[in-house]
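>
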Amino acid sequence: MSPAGRLPKTVLPRRYDLTIGPDLDASTFTGRVSIEIEVREPTATIALHAKDLDIGHAAVRQGAAAIGATAALDADHDLVVLTLDRLLEAGAATVELHFAGAISHGLLGFYRSTFVDGESRLQVIAATQFEAPHARRAFPCFDEPEFKAVFAITLEVADGLLAISNSPEIARTVNGGIARVSFADTIPMSTYLVAWVVGPLELTDAVDAGGVAVRVAHVPGRGHLTRFALDLGAFAITYFTGYYGIPYPGAKCDLVALPDFSFGAMENLGCVTFRETRLLLDPDRVSLDEMASAALTIVHEIAHMWFGDLVTMKWWNGIWLNEAFATFMEHLGLDAYRPEWKTWDDFALGRAAALDVDALATTRTVEYEVVTPADAEGMFDLLTYQKGGSVLRMLERWLGADAFRGGVRLYLDRYRFANTETTDLWDALEEATREPVRRIMDTWIFQPGLPAVRVDGDRLRIEQRRFTYEDGDREGLWVLPLLARVHNGGRAETRSLLLSEKEMTIDAPADALVVLNAGGEGFYRVAYPREQRDRLLDAGVLEPLERFALVDDLWASVLAGEISAEEFLGCAHRFTDETDLVVWKVLIAHLRAAARLVTGDALERMHAEIAAIVGPARERLGWDARPADDPRTRQLRGLMIDALGSTVGDRSTIARAREVDAAGTRDPDVEAAAVAVVASAGTRDDFDRFLARSAAASSPQAQLRYLYALGEFPSEEMVLQACELAISDEVRAQNGPFLLQRALRNREHGAAAWAFVRDHWDTVRTRFSPGLLPRVIEGTTWLVEDAVAGDVLTFVDAHPVAAGARTIAQHMERLRVHRAAVGRERGRLSAALLGGAST
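Taking the numbering used here, the leading residue of the sequence shown gets 15, the next gets one more, and so forth.
Pasting the structure below:
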């Protein structure tokens with residue numbers, strides 16, 4: 015046995031017959047499992063995973079012989095080891111175990127979720143979350159991805175409760191008030207994808223997706239919020255069946271909305287579980303951001319049915335490829351469903367966040383060695399999803415969409431029902447395209463950081479070096495699939511290049527305009543000389559994502575100390591006529607960050623500068639939706655209102671937002687913006703009203719819209735009350751971390767919120783699942799004043815969180831980066847603002 019509890023491959027599971035009997039009132043369960051195994055070499059012991067389970071009867075059968083077995087728990091390694099009375103010969107055998115356990119009050123394993131019904135009664139649901147790796151908390155099993163097996167699941171539940179699992183129900187009998195519900199055999203799959211849900215839920219009628227039944231399970235009273243998920247779920251199954259060229263691998267697809275859920279969703283084959291906000295919505299009453307967030311999650315999980323469920327990583331080091339590919343595919347699928355949403359443009363926001371993390375010294379390689387379960391938990395981060403997805407998108411754009419799809423189809427067909435390593439995908443893509451895919455991708459997956467492509471004065475020679483925020487190692491060499499567009503004499507030519515050395519020369523006339531990162535979808539920074547940057551902007555040749563990348567790269571250069579914040583602000587003034595949503599999103603985000611660099615009178619002047627940049631666009635858009643508006647125009651209107659009201663504190667915007675909030679509007683994007691603006695200038699009455707609205711909200715999105723706004727009020731007393739709520743039973747444990755994060759980001763009262771978190775850390779750590787604790791700490795990254803920052807850094811260092819250690823270290827480094835930027839920029843930016851210098 016390995017120190018981390020890895021199982022030997024002397025015994026392999028082939029089939030589980032699993033029966034689970036939950037008692038929802040007592041929060042306990044009993045179970046029986048019969049596991050058909052293949053014994054590959056004679057052995058007198060069998061090791062399985064089990065955690066927090068009481069093991070009763072244990073027996074092994076081989077042929078007609080019953081072999082006595084003694085079960086011993088190894089709690090340090092989450093194991094139950096069966097010692098047999100005699101040697102088990104190579105061949106087929108069966109392990110039988112009886113067990114019992116507690117239904118967890120956390121959000122992992124087999125856990126408890128609750129809701130209050132229409133008659134104010136508390137109702138209990140029991141559901142599973144087994145990634146990664148927590149199936150061992152619910153039944154003894156070979157709880158590693160490579161140990162795939164068929165599962166035949168039976169649930170013994172109180173009659174009248176809904177019981178669903180990965181496969182369709184095939185039999186139901188009732189005896190003494192207990193329903194015995196049996197489900198069909200699954201395909202061979204990993205234990206982390208096993209799922210069941212029991213409780214007083216309702217199921218919609220099925221929608222047909224090419225022969226696959228799609229249903230939504232939900233708490234009573236929310237059936238009217240299922241239409242969007244049913245339509246999109248059916249579309250995604252049909253779309254991916256065509257894209258992958260392989261039928262949907264399950265027999266049905268239930269989408270299950272759970273009141274309590276740690277992640278956004280989980281790709282259990284045929285029984286996909288979600289947070290309610292990511293599944294249930296009224297398209298006419300949510301903002302585009304809220305709807306797109308849910309839509310991307312739904313498509314992401316359905317993409318996993320093939321890439322992850324049908325073909326699965328061998329070990330947890332491959333989590334990144336599972337999640338990165340689904341992140342890539344969620345945008346591909348949603349773009350096919352709603353092309354007018356331009357979801358690939360918004361994908362740039364995730365790419366920018368990953369570029370930011372990857373510039374830190376505490377970044378990591380995308381794939382790294384996973385030894386313990388805590389190592390696996392730590393891989394569910396921004397680099398896995400967003401950097402991984404971004405480098406796949408970059409590769410797809412460079413290879414071409416059809417060629418990329420051909421490689422993916424080859425990979426899935428070759429390894430269906432099996433397990434793979436990362437390089438298996440690269441080899442399939444290489445075979446399909448005849449391009450050096452493994453050579454390219456190894457430099458992105460097994461090397462930390464990212465390159466900056468720098469252009470010298472003649473604009474034709476480019477060089478790469480590692481981009482970092484802090485002084486340190488700038489060495490690194492990437493095989494960089496680079497798209498460049500050359501503008502010359504009114505003509506434009508896009509070139510596909512492969513930069514594999516430190517530098518290369520682009521063959522173009524000396525007076526040509528060269529756009530590096532053409533299309534704006536490469537995972538690298540571009541540093542143009544100021545004169546060339548201005549020429550590109552003056553010429554109007556940059557597409558929206560290229561303008562996005564230019565703005566984002568420019569702000570990154572401020573944080574790296576390579577240009578001044580004054581230069582960034584001066585460039586921002588060139589965008590007053592900008593009309594594209596994604597460009598405004600990144601520009602406003604960085605203007606808000608720039609405002610964090612100054613205080614007092616300089617901050618007032620900074621607000622005036624931001625108003626001058628944003629104001630003209632807000633005036634053009636107005637407050638009311640127009641018949642010709644597309645969804646992104648409506649979203650842009652809300653963004654501008656939020657910027658002028660929440661960031662700048664414009665009095666007329668705040669007054670109008672109050673009117674909208676009081677009277678309501680038919681435009682959810684304006685309504686969401688009004689909530690944020692009112693909160694930023696809110697009173698005690700506003701706080702109490704928002705709290706009441708959150709509690710009484712008829713939709714999950716409205717509930718969180720008002721709840722999270724409580725952390726943004728301008729009163730320390732109210733911010734601290736929001737913190738108290740976050741760790742109380744009034745706020746679900748899945749939402750509390752995000753409310754604390756909002757409070758910590760409060761510019762005026764983040765320090766007070768930090769003192770609260772520090773003083774209540776034991777409660778915070780106990781109440782929230784380990785994977786959500788980094789979300790809390792993330793809120794501290796702009797607490798840059800000396801005393802507070804020092805306290806944060808010292809406290810976090812003294813209170814490690816194993817599952818989120820790497821991510822939290824990145825948050826602490828980002829705090830140091832922000833402090834360094836304040837140290838460099840506060841004096842000179844303040845002088846420029848107050849001296850009346852033209853920016």
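Every residue, glycine too, gets a C-beta built ideally from N, C-alpha and C.
Which runs of the alpha helix (DSSP H) fall wholly inside the region 602-682 and span at least 4 residues, in chain order?
614-635, 645-656 and 665-677
> Contact check, R651 vs D675 under 8 Å by CB: the rounded distance?
At roughly 16 Å, the Cβ-Cβ gap does not stay under 8 Å, so R651 and D675 are not in contact.
> Between the region 150-162 and the region 212-232, are three or more C-beta pairs nearer than 8 Å?
no
> Pairs of beta-carbons, one from the region 710-729 and one from the region 289-299, closer than 8 Å: are there three or more?
yes
> How about V790 and V806: do their beta carbons lie closer than 8 Å?
no
> Pull up the distance between the alpha-carbon of T24 and that of F124, whole angstroms please.
28 Å
> Please list, in chain order, all residues of the same chain as F701 whose beta carbon is under 6 Å from its beta carbon, the five residues on each side excluded.
Around F701: F727 and M732.
> Can you grab the Cα-Cα spacing for the pair A835 / D594, in whole Å?
Rounded to the nearest angstrom, the two C-alpha atoms are 29 Å apart.
> So V286 packs on L269, CB below 8 Å; how close in whole Å?
Going by Cβ atoms, the distance from V286 to L269 rounds to 5 Å, so yes, they are a contact pair.
> Whole angstroms are fine: how far does the CA of W412 sit from the CA of G533?
G533 and W412: Cα-Cα distance of roughly 11 Å.
> Just to check my reading of the structure: I260 and W210 have Cβ atoms closer than 8 Å, yes? What is that Cβ distance to the nearest angstrom?
Actually they are not in contact, since the Cβ atoms of I260 and W210 sit about 26 Å apart, beyond 8 Å.
> What do you get for A845, buried or exposed, if any count of 16 or more other CB atoms within 10 angstroms of its CB means buried?
exposed
> CB F361 to CB R423, shorter than 8 Å?
no
> Apart from the five residues on each side of it in sequence, which residues of its chain come closer than 6 Å, Cβ to Cβ, to W492?
Excluding its 5 nearest sequence neighbours in each direction, W492 has C-beta neighbours in its own chain below 6 Å: T457 and P465, listed in chain order.
> What are the complete beta strand (DSSP E) segments, minimum 3 residues, inside the region 54-114?
57-63, 68-76, 79-88 and 93-102
> Within its chain, find whatever has a CB closer than 8 Å to the CB of R549; leave out the 5 residues flanking it on each side and keep chain order.
L527.
> When the Cα of R428 is compared with those of F321, I454, C267 and A677, which residue comes out closest?
F321
> Give a yes or no on contact between the region 211-218 and the region 229-246, applying the rule of three or more CB pairs nearer than 8 Å.
yes
> Note down the Cα distance separating T379 from F460, rounded to an integer number of angstroms.
5 Å
> Taking A85 as the reference, give the member of T808, E110, A710 and L101 with the closest Cα.
A85 has its Cα closest to that of E110, out of T808, E110, A710 and L101.
> Extract the residue ranges of the alpha helix (DSSP H) inside the region 747-799, only unbroken runs of 4 or more that lie entirely within it.
Along the region 747-799, the alpha helix (DSSP H) occurs as fully enclosed runs of 4 or more residues at 750-758, 764-773, 775-781 and 787-792, listed in sequence order.
> State the CB to CB distance for the pair A140 and V212, rounded to an integer number of angstroms; the pair is presumed to be in contact (CB under 8 Å).
5 Å
> Tell whether a beta-carbon distance below 8 Å holds between E489 and T436.
no
> Could you name the residues of the same chain whose beta carbon sits closer than 7 Å to that of S852, not counting the 5 residues immediately before and after it, in chain order?
Because the pLDDT of S852 is 42, which lies under 50, any placement of that residue in the model is unreliable, and the question is left without a value.
> Helix, strand or coil: how does DSSP classify V25 here?
strand
> Taking the C-alpha atoms as reference points, what is the distance between G463 and T795?
20 Å
> Take every Cβ of the region 344-351, pair it with every Cβ of the region 243-258, and state whether three or more of those distances are shorter than 8 Å.
yes
> Only counting the same chain, and skipping five residues up and downstream in sequence, which positions put a Cβ closer than 6 Å to that of H112?
R46, G70 and H71
> Run through DSSP, which three-state label would P297 get?
coil
> I'd like the list of long-range same chain contacts for V95, defined as Cβ closer than 7 Å, with 5 residues on each side in sequence excluded.
T59, A61, A86 and D88
> Is the separation between the beta-carbon of A740 and that of L754 shorter than 8 Å?
yes
> According to the Cβ coordinates, are G663 and H621 closer than 8 Å?
In this structure, G663 places its C-beta atom within 8 Å of the C-beta atom of H621.
> Where do the N-terminal and C-terminal ends of the alpha helix (DSSP H) with W458 fall, by residue?
V451 to I459
> List the whole-angstrom C-beta distance separating H63 from R150, where the pair is believed to meet the contact cut-off of C-beta under 8 Å.
4 Å
> Could you tell me which whole beta strand (DSSP E) segments of length 3 or greater appear in the region 227-315?
266-272 and 285-289
> In the DSSP assignment, what residue or residues form a beta bridge with M518?
I476
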